[in-house]
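**Student:** Convert by adding 368 to the 1-based position in the sequence shown; the result is the number in the working numbering.
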Amino acid sequence: MFVLAFVYLKRVLTSFFIIDIMKTNIHSKQENIERHLQKPTIAIIGYGPMGRAFALNLRDSGYNVLVGLRKSSKSIESCKKDHVTYSSIEEAVEKAKIICMLCSDIAMKEVYDKYLKKIRENKVLVFAHGFAITYNLIKPKKNFDVILLAPKGTGKAVRDNYVNDTGTFCLMAVHQNASGRAWEYANELANALKLNKKGFLKTTFREETITDIFGEQAVLCGGVSQLIKYAYETLVENGYDKRLAYLEVLHELKLTVDIIHEQGLTGLWNNVSLTAKYGSLTNRDKIISKDVKNNMKRLLKDIESYAFAKSITEEFYKHYSKNLHKLIKEEEKSDLEKTGKVLREKIIEKN
Ligand SMILES: NC(=O)c1ccc[n+]([C@@H]2O[C@H](COP(=O)([O-])OP(=O)(O)OC[C@H]3O[C@@H](n4cnc5c(N)ncnc54)[C@H](OP(=O)(O)O)[C@@H]3O)[C@@H](O)[C@H]2O)c1
369 MFVLAFVYLK RVLTSFFIID IMKTNIHSKQ ENIERHLQKP TIAIIGYGPM GRAFALNLRD
429 SGYNVLVGLR KSSKSIESCK KDHVTYSSIE EAVEKAKIIC MLCSDIAMKE VYDKYLKKIR
489 ENKVLVFAHG FAITYNLIKP KKNFDVILLA PKGTGKAVRD NYVNDTGTFC LMAVHQNASG
549 RAWEYANELA NALKLNKKGF LKTTFREETI TDIFGEQAVL CGGVSQLIKY AYETLVENGY
609 DKRLAYLEVL HELKLTVDII HEQGLTGLWN NVSLTAKYGS LTNRDKIISK DVKNNMKRLL
669 KDIESYAFAK SITEEFYKHY SKNLHKLIKE EEKSDLEKTG KVLREKIIEK N
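Take a look at the structure:
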């Protein structure tokens, strides 16, 4: 009886503790955020998917936005099309108090060293991903505020969710608080970008960077693509119709991902057939064995240490992305991709 009471008490306390942790870190939408930034110019360095989303959202929220681009930038046409003001990077960083660093992560050091190192005034640097700070590619001046607003979605989603007024969940962190107002700026910008409408999670640059890179390599992009490839090849090499193989291992993935996204893994098991449930729960260990977890631990170590950052930096600056382009080309030419292209154009999208 005593043991049972103890176990019960421990369970209750544990659940309180877990709920408490969740409560202290997740912040709900903030109302009535004071506007501290009196019509400042906000520079957006880079006009890729996230640069475009930040520029358009901030402009539509009433801020002066100036996109900074290099001379022969291929993004000039996009800026013109969006009626967004642009200039050289030099002019943008000089005019702006807030500088959103939204060029490629790997180019951050080059951009910082060339355009920001010489600046003396106090500035606010804003990042959408903590890569450059976590791996010390950039060591910002002591008089700069350094803020992270990392949306949990693509640039396209950040823009679409602004327009349809749903907002995008985001991770927020402050790396340097030189002015003492870095959190006020972070909150105001998140509000203007609709990144706090659904709530946000306070974190650190390092934690955001490591979990983000690990997630995309282990599951979201790396793990999932390899699983699809091996499953497709297994069916085709054993004589099954390529089109059926594609439909089963790739096309239908959206259905399960949507359920998992909305209802978690329990929701998945509640929504699939008895055969799928029994077969998957009893056989998944044979496919993704404990070895895979050991591989994941090794991958995490590479990301935590400088190993992965070093490898991507060398690929970009030493090999000019040659290996990456080769891998992308190989994937494009694969049988899976050819089958998918035909199926999507001729069958799936016609119905
Ligand atoms: N894409 C997403 O959905 C997403 C999601 C979450 C976080 N983020 C983060 O948001 C940031 C921006 O990512 P992104 O995907 O939008 O952009 P990206 O495609 O990685 O970068 C595109 C921009 O970077 C500029 N750029 C590249 N090298 C440069 C250099 N050496 N000097 C000056 N500019 C240079 C490009 O200029 P040109 O036009 O001249 O080529 C282009 O405007 C990154 O920190 C990324 O991790 C992105």
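Using N, Cα and C, we set each Cβ at its ideal position, and we do this for glycine too. Note that the coordinates shown come from a computational prediction; the quantities given were computed from them, not determined experimentally.
(1) In whole angstroms, give me the CA-to-CA distance for residue 622 and residue 587.
(2) Expressed to the nearest angstrom, what Euclidean distance is found between the alpha-carbon atoms of residue 577 and residue 605?
(3) May I ask which residues mark the beginning and end of the alpha helix (DSSP H) holding residue 595?
(4) Nearer than 7 angstroms: is that true of the beta carbon of residue 475 relative to any heavy atom of ligand 1?
(5) Need the endpoints of the beta strand (DSSP E) that residue 447 sits in, please.
(6) Give the straight-line distance between the Cα atoms of residue 658 and residue 672, rounded to the nearest whole angstrom.
(7) Tell me which residue opens and which closes the alpha helix (DSSP H) that residue 653 is part of.
(8) Going by alpha carbons, who is nearest to residue 434 out of 445, 425, 440 and 413?
(9) Reducing DSSP to helix, strand and coil, say where residue 776 ends up.
(10) If we ignore side chains and look at the alpha-carbon of each, how far apart do residue 463 and residue 599 end up?
(11) Indicate the three-state DSSP secondary structure (helix, strand or coil) for residue 703 in the structure shown.
(12) Nearest by alpha-carbon distance to residue 443: which of 472, 556 and 461 is it?
(13) Can you tell me the Cβ-Cβ gap for residue 483 and residue 506, rounded? I've got them flagged as a contact below 8 angstroms.
(14) What distance in whole Å lies between the Cβ atoms of residue 423 and residue 460, which are believed to be in contact at a cut-off of 8 angstroms?
(15) Report the three-state DSSP secondary structure of residue 609 (helix, strand or coil).
(16) Just checking my contact of residue 492 with residue 415 at CB under 8 angstroms: how many whole Å lie between their CB atoms?
(17) Nearest CA to the CA of residue 656: which residue from 714, 596, 609 and 692?
(18) In chain order, what residues of the same chain lie with their CB nearer than 8 angstroms to the CB of residue 542, ignoring the 5 residues before and after it?
(19) Does the Cβ of residue 392 have 16 or more other Cβ atoms within 10 Å, making it buried, or fewer, making it exposed?
(20) Taking DSSP as the reference, what is the three-state secondary structure of residue 517?
(21) Between the Cα of residue 466 and those of 475, 439, 632 and 547, spot the shortest distance and give me the residue it belongs to.
(22) When you compare the CB positions of residue 536 and residue 520, do they come within less than 8 angstroms of one another, or not?
**Tutor:** Taking the coordinates as given:
(1) 15 angstroms
(2) Residue 577 and residue 605 have their C-alpha atoms roughly 39 angstroms apart.
(3) 590 to 605
(4) yes
(5) No beta strand (DSSP E) contains residue 447, which is instead part of the alpha helix (DSSP H) from 444 to 449.
(6) 21 angstroms
(7) Segment 642 to 655, the alpha helix (DSSP H) holding residue 653.
(8) Measuring C-alpha to C-alpha distances from residue 434 to each of 445, 425, 440 and 413 identifies 413 as the nearest.
(9) Nothing can be reported for residue 776, as the shown portion of the chain is limited to 369 through 719.
(10) 53 angstroms
(11) helix
(12) 472
(13) Actually they are not in contact, since the Cβ atoms of residue 483 and residue 506 sit about 12 angstroms apart, beyond 8 angstroms.
(14) Contact between residue 460 and residue 423 does not hold, since the beta-carbon distance rounds to 11 angstroms and is not under 8 angstroms.
(15) coil
(16) In fact, because the Cβ distance is near 20 angstroms, the residues do not count as touching under 8 angstroms.
(17) 596
(18) 513, 514, 515, 516, 550, 551 and 554
(19) Caution applies to residue 392, whose pLDDT of 42 falls short of 50 and renders its modelled position unreliable; the model cannot decide the point.
(20) strand
(21) 547
(22) yes
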